[in-house]
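Colleague: Starting off with a structure, shown below.
Chains as they are written, first to last, in the numbering used here: chain A, 1 to 276; chain B, 1 to 276.
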């Protein structure tokens, strides 16, 4: 991996996130003396309590450690307010987003006042970003899955349904009872996520865009839709909006940009299958 | 797809399952007059109520329809007792398995007595197969994920933990609090399934084999383990037994056959990404 990263670092800007000096040391050992310096951002906890540091003192300790490692350059701080997926109202989403931005801006001020010259102050999560981005001092946003959106964002009132651009095109393959339809998209095409970060946020299982109903449940290769759609026949196509766009897209090798029925471009999902 | 299937049918035995004459007609249209006959099995409902027919009269109607389609040959009947994943005890698993086998054997007898000459009487699902296979008249078993097993099978008392052969090798990457570990395997490596067929069977999220604890919850690229493992350090490897082997394996391009620490062979996961 080290060699590939170095070749990549020669033609692209690459940053690493660390929350522990042991992780920084592993980077340092691997990259010392070869190639350009590697940018490092320190992860700060804004409530998710995952791979992050809570206090300015802890962040300063990591920053001091990184200073002594010649191959690394401390660039900035970042956070991910993923705990927003447990929010129960738009007001709560806004409050979490504002707190995320304010925490990071204050952390940056504190570090700079002690001579630690960081630049990016980075926040992110799809629901919080429009609130955290407004806080003075925040310089970078990582807006999550805003290109696609999904039913979790709709349920959190982040966007209306018509802002969901990613759908899985399924085929109706069976009608075992009068008001039950079976489609050929299951958990291997839509994922079993009912929210993000393991939350069981949504009661339903993905939305049948063309019919305005939820999928009742998923097998691996089948979706079961109850109480719906007398006009739909075997072979008809139904577009499904996933609960969670990230894990659904991760199940495919290719996606297609479409305008109505016209396919404009095929996209390869390069990163899928590389999470471990 | 038609051409690829035909080439494949020349060198392998291929069967299709149907539960509707419209589906059979679509096959018939595509394959009429070209290549060898295609084998067809009729799906019978044993309780899952998915893509299946409930009564002998319905099965006979499909069988009669298939008889008139020259490219197709009715081979047998099959069922999948996937509703077993809602069972609450080993006794209930056994009862569902026995009923699955008895239903199919009786259905086969009934069809044959009316001159419909079917051969395979096929049953399957990982938990039920050892019970349904014992019923006289059942001629084929589809034993599900018995090669791998997983935490759902352990929870259903189908196998002990040591029979689970599929693990995801993860790395411990952060220790944000004293008794919290973060690993680099999340829902994109383990899937969010908590059972099969959409059941929320398991409370926990995948099992850390080396430490005997459950993962508390999953983000996309992170697993969070609470209350565990003071001796584990950043960089240490942990093997995770998935809740559901099928959807976990479906997330990877490759798997490895290992004996202890030795890698014996790399396997390509050919079928993944082809569910829709």
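Note that beta-carbon positions come from the ideal geometry of N, C-alpha and C, so glycine has one too.
Along chain B, in chain order, which residues have C-beta atoms closer than 9 Å to that of residue 82(A)?
Modeller: Within the first chain, the letter at position 82 stands for residue 82(A). Per Cβ cutoff of 9 Å: 219.
Colleague: Let me check understanding here. Comparing Cα to Cα, which of 253(A), 255(A), 184(A) lies closest to residue 221(A)?
Modeller: Within the first chain, the letter at position 221 stands for residue 221(A). Cα-wise, what sits closest to residue 221(A) is 184(A).
Colleague: Between which two residues does the alpha helix (DSSP H) carrying residue 223(B) extend?
Modeller: On the second chain, position 223 is the one that residue 223(B) refers to. It is not in any alpha helix (DSSP H) - residue 223(B) instead sits in the beta strand (DSSP E) that spans 223-226.
Colleague: Closest by CA to residue 240(B), which one among 179(B), 191(B), 4(B)?
Modeller: As a working note, residue 240(B) is residue 240 in the second chain. It is 191(B).
Colleague: I want to see whether chain B comes within less than 7 Å of residue 145(A), judged by CB atoms only; does it?
Modeller: Here residue 145(A) refers to the residue found at position 145 of the first chain. Cβ-Cβ to chain B under 7 Å: no for residue 145(A).
Colleague: Looking at the structure shown, is residue 6(B) part of a helix, part of a strand, or coil, going by DSSP?
Modeller: Position 6 of the second chain, counting from 1, holds the residue named residue 6(B). Residue 6(B) sits in a helix when the DSSP states are folded into three classes.
Colleague: Put residue 116(B) into one of helix, strand or coil per three-state DSSP.
Modeller: The sequence position of residue 116(B) within the second chain is 116, counting from 1. Residue 116(B): coil per DSSP, three-state reduction.
Colleague: Since residue 231(B) meets chain A, which of its residues come closer than 9 Å, beta carbon to beta carbon?
Modeller: For this step, residue 231(B) is matched to residue 231 along the second chain. The premise fails here: residue 231(B) is roughly 15 Å from chain A at the closest Cβ pair, so nothing lies under 9 Å.
Colleague: State the Cα-Cα distance for the pair residue 27(A) and residue 144(B), rounded to the nearest angstrom.
Modeller: The residue labelled residue 27(A) in the question sits at position 27 within the first chain. The residue labelled residue 144(B) in the question sits at position 144 within the second chain. One C-alpha to the other measures close to 43 Å.
Colleague: How many Å lie between residue 8(A) and residue 247(A) at the Cα?
Modeller: Within the first chain, the letter at position 8 stands for residue 8(A). Within the first chain, the letter at position 247 stands for residue 247(A). Each residue's Cα considered, the two are about 26 Å apart.
Colleague: Tell me the DSSP secondary structure of residue 264(B) in three-state form.
Modeller: If you number the second chain from 1, residue 264(B) lands on position 264. Strand, per DSSP.
Colleague: Following the continuous beta strand (DSSP E) through residue 72(B), name the residue where it begins and the one where it ends.
Modeller: Translated into positions along the second chain, residue 72(B) becomes position 72. Looking at the DSSP string, the run of the beta strand (DSSP E) that includes residue 72(B) is 72-78.
Colleague: For a cutoff of 7 Å on Cβ pairs, would you count residue 131(B) as touching chain A?
Modeller: By one-based count along the second chain, residue 131(B) stands at place 131. So, not an interface residue.
Colleague: Is the beta carbon of residue 250(A) less than 7 Å from the beta carbon of residue 259(B)?
Modeller: Taking the first chain and counting its residues from 1, the one referred to as residue 250(A) is at position 250. Taking the second chain and counting its residues from 1, the one referred to as residue 259(B) is at position 259. No.
Colleague: Just checking: is the beta-carbon of residue 197(A) within a distance shorter than 7 Å of some beta-carbon in chain B?
Modeller: In the first chain, residue 197(A) corresponds to position 197, counting from 1. By this cut-off, residue 197(A) is an interface position.
Colleague: Would you list, in chain order, the members of the region 39-72 of chain A that have their beta-carbon closer than 9 Å to a beta-carbon of chain B?
Modeller: Hits within the stretch, in order: 43, 45, 48, 49, 50, 51, 52, 53, 54.
Colleague: Are residue 66(B) and residue 84(B) close, meaning C-beta to C-beta below 7 Å?
Modeller: Residue mapping note: residue 66(B) aligns to position 66 of the second chain, counting from 1. Residue mapping note: residue 84(B) aligns to position 84 of the second chain, counting from 1. Between residue 66(B) and residue 84(B), the gap from beta carbon to beta carbon reaches 7 Å or more.
Colleague: Kindly list the residues whose CB is nearer than 6 Å to the CB of residue 101(A), restricted to its own chain and excluding five residues on each side of it in sequence; keep chain order.
Modeller: One-based indexing of the first chain puts residue 101(A) at position 101. 123, 132, 135, 138, listed in sequence order.
Colleague: I need the boundaries of the beta strand (DSSP E) containing residue 171(A), first residue and last residue.
Modeller: Along the first chain, one-based indexing puts residue 171(A) at 171. Looking at the DSSP string, the run of the beta strand (DSSP E) that includes residue 171(A) is 168-177.
Colleague: Taking 8 Å as the limit between beta carbons, can you name the residues of its chain near residue 56(B), skipping five residues before and five after?
Modeller: Along the second chain, one-based indexing puts residue 56(B) at 56. These residues qualify, in order along the chain: 107, 110, 111.
Colleague: Would you give the residue range spanned by the beta strand (DSSP E) that residue 40(B) belongs to?
Modeller: Here residue 40(B) corresponds to residue number 40 of the second chain, with the count starting at 1. First-last of the beta strand (DSSP E) with residue 40(B): 38-43.
Colleague: Could you name the residues of the same chain whose beta carbon sits closer than 7 Å to that of residue 21(B), not counting the 5 residues immediately before and after it, in chain order?
Modeller: Counting from one through the second chain, the residue named residue 21(B) turns up at place 21. Once the five neighbours on either side are set aside, the close Cβ partners of residue 21(B) are 62, 65.
Colleague: Ordered along the chain, which non-local residues of its own chain (more than five positions away) have a Cβ less than 8 Å from that of residue 253(A)?
Modeller: Mapped onto the first chain, residue 253(A) falls at position 253. Excluding residues within five positions, the ones whose Cβ falls inside 8 Å are 268, 269, 272.
Colleague: Where do the N-terminal and C-terminal ends of the alpha helix (DSSP H) with residue 141(B) fall, by residue?
Modeller: Indexing the second chain from 1 puts residue 141(B) at position 141. Where residue 141(B) is concerned, there is no enclosing alpha helix (DSSP H), although the beta strand (DSSP E) it sits in stretches over 140-142.
Colleague: So, residue 242(A) versus residue 157(A), is the Cβ gap smaller than 7 Å?
Modeller: The count along the first chain starts at 1 and reaches residue 242(A) at position 242. The count along the first chain starts at 1 and reaches residue 157(A) at position 157. In this structure, residue 157(A) does not lie closer than 7 Å to residue 242(A) by Cβ.
Colleague: So which residues of chain A does residue 167(B) contact, with C-beta pairs closer than 8 Å?
Modeller: Within the second chain, numbered from 1, the residue matching residue 167(B) stands at position 167. Chain A residues near residue 167(B): none, gap ~11 Å exceeds 8 Å.
Colleague: Give the interface partners of residue 150(A) over in chain B, defined as CB-CB distance under 7 Å, in chain order.
Modeller: Residue 150(A) sits at position 150 when you count from the first residue of the first chain. By Cβ distance, chain B contributes nothing, its closest Cβ being about 13 Å from residue 150(A), past 7 Å.
Colleague: Under 7 Å, Cβ to Cβ, is there at least one residue of chain A near residue 3(B)?
Modeller: Here residue 3(B) refers to the residue found at position 3 of the second chain. Output row for residue 3(B): interface = no.
Colleague: Once DSSP output is grouped into helix, strand and coil, what is the label at residue 49(B)?
Modeller: Here residue 49(B) refers to the residue found at position 49 of the second chain. Note: residue 49(B) maps to coil in three-state DSSP.
Colleague: Measure the alpha-carbon distance for residue 92(A) versus residue 212(B) and round it to whole angstroms.
Modeller: Taking the first residue of the first chain as 1, we reach residue 92(A) at position 92. Taking the first residue of the second chain as 1, we reach residue 212(B) at position 212. Their Cα atoms are separated by approximately 37 Å.
Colleague: From the DSSP output, which residues share a beta bridge with residue 255(A)?
Modeller: For the purposes of this step, residue 255(A) is taken as residue 255 along the first chain, with counting starting at 1. Note: residue 255(A) is bridge-paired with 267(A) in the DSSP secondary-structure output.
Colleague: Do residue 217(A) and residue 152(A) come within 7 Å of each other at the CB atom, strictly closer than that value?
Modeller: What you label residue 152(A) is simply residue 152 of the first chain in a count that begins at 1. What you label residue 217(A) is simply residue 217 of the first chain in a count that begins at 1. Cβ distance not < 7 Å, so residue 152(A) and residue 217(A) don't count as in contact.
Colleague: Applying the 10 Å Cβ sphere with the 16-neighbour rule, what's the burial state of residue 274(B)?
Modeller: Numbered from its first residue, the second chain carries residue 274(B) at position 274. Per the 10 Å Cβ criterion, exposed.
Colleague: Counting only Cβ pairs nearer than 8 Å, list the residues of chain A close to residue 247(B).
Modeller: Within the second chain, the letter at position 247 stands for residue 247(B). Near residue 247(B) (Cβ distances below 8 Å), the residues of chain A are 187, 188, 192, 220.
Colleague: Look at the alpha carbon of residue 117(A) and the alpha carbon of residue 256(B), and state the distance between them as a whole number of angstroms.
Modeller: The residue you call residue 117(A) lines up with position 117 of the first chain. The residue you call residue 256(B) lines up with position 256 of the second chain. In a straight line, the C-alpha of residue 117(A) is about 46 Å away from that of residue 256(B).
Colleague: Using CA coordinates, which residue listed in 174(B), 99(B), 60(B) is at the minimum distance from residue 130(B)?
Modeller: The residue given as residue 130(B) occupies position 130 in the second chain. A check of alpha carbon separations from residue 130(B) across 174(B), 99(B), 60(B) identifies 99(B) as the nearest.
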